[in-house]
Amino acid sequence: MNAKDSDPVPVPAAVFEGLQRCRQLGEQNMLEIGTVLRWLRDDGWYAAAEWVEQNQQAYLDAVIQPGFRPDV
Numbered sequence: 533m534n535a536k537d538s539d540p541v542p543v544p545a546a547v548f549e550g551l552q553r554c555r556q557l558g559e560q561n562m563l564e565i566g567t568v569l570r571w572l573r574d575d576g577w578y579a580a581a582e583w584v585e586q587n588q589q590a591y592l593d594a595v596i597q598p599g600f601r602p603d604v
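Using the working numbering, read the sequence shown as starting at 533 and increasing by one per residue.
Structure below.
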């Protein structure tokens, strides 16, 4: 893995906020996409749910490592 591979994945701010909130609560297994999508939608994080649904592989890669960062 090179340095670029270990950089956090840039996502829109609303996506970052929704994913951070989901992670901080610790109620969902972040590797279970269906569960995360359901939680995001139920809690009103629609942009985050749409991003995860459209970018499932990038989402899983970032959940495992190196994480997410807001795209500025």
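We put the beta carbon where it would ideally sit given N, CA and C, even for glycine.
| Check | Outcome |
| --- | --- |
| So what does DSSP say about residue 547, is it helix, strand or coil? | helix |
| The ligand ADP heavy atoms versus the CB of residue 581: any closer than 8 Å? | Among the components modelled here there is no ligand, and therefore nothing to report on the ligand ADP. |
| On the DSSP letters alone, give me the boundaries of the beta strand (DSSP E) that residue 602 sits inside. | 600–602 |
| Kindly list the residues whose CB is nearer than 6 Å to the CB of residue 572, restricted to its own chain and excluding five residues on each side of it in sequence; keep chain order. | 550, 580, 581 |
| What beta strand (DSSP E) runs, 3 residues minimum, are completely inside the region 563–602? | 600–602 |
| Looking at the strands, I want to know which residues DSSP matches up with residue 542. | 601 |
| Got a sec? Which residues, its chain only, sit under 7 Å from residue 600 by beta carbon, not counting five neighbours each side? | 540, 541, 543, 548, 551, 594 |
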